[in-house]
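Read the structure below first, then the notes.
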Amino acid sequence: MARPKGSKNEKHVEHVELPRCPNCDSTDALVLNTNVQEFAGVTGDGKEFNRIVRRRTQCKHCNRVWILRTLELVPEPPTDGPFVPDELDDDGDERAAPAV
Ligand SMILES: [Zn+2]
861 MARPKGSKNE KHVEHVELPR CPNCDSTDAL VLNTNVQEFA GVTGDGKEFN
911 RIVRRRTQCK HCNRVWILRT LELVPEPPTD GPFVPDELDD DGDERAAPAV
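Be aware that the sequence shown starts at 861, since it is given in our numbering, and climbs by one per residue.
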């Protein structure tokens, strides 16, 4: 009986890159502000995400400012996503003589 996997990821999966300065390669950076965009997709690695987080980051060494983009998967109630019901499994109990 082939059954498609309908496993839901209930834990918060977060892909956080190390803030690394593109100028001096330092990881000692300061987050200036955070912008969250609701956007669902799949990364090149095949990981699902439903949120794009952009952090304006400033290097503490050379003061270079850049945008650090991370893709995050946060569990949300299925509001406008496709709802896939579980297969009903209670019809296998056939009775030969139904009582009348
Ligand atoms: Zn720097």
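Here a beta-carbon is modelled for each residue, glycine too, at the ideal position from N, C-alpha and C. Note that the structure is predicted; figures quoted are calculated from it, not measured.
Between ligand 1 and Arg924, a heavy atom-to-CB distance of less than 6 Å is present. At a cut-off of 3 residues, the continuous stretches assigned as beta strand (DSSP E) that sit fully inside the stretch 882–912 are 889–902.
For Cys884, the closest of Gly906, Lys907, Val913, Cys919 by C-alpha to C-alpha distance is Cys919.
The beta carbons of Arg911 and Val925 sit about 22 Å from each other, so the pair does not count as a contact at 8 Å. CA-to-CA, the gap between Arg915 and Leu890 works out to about 10 Å.
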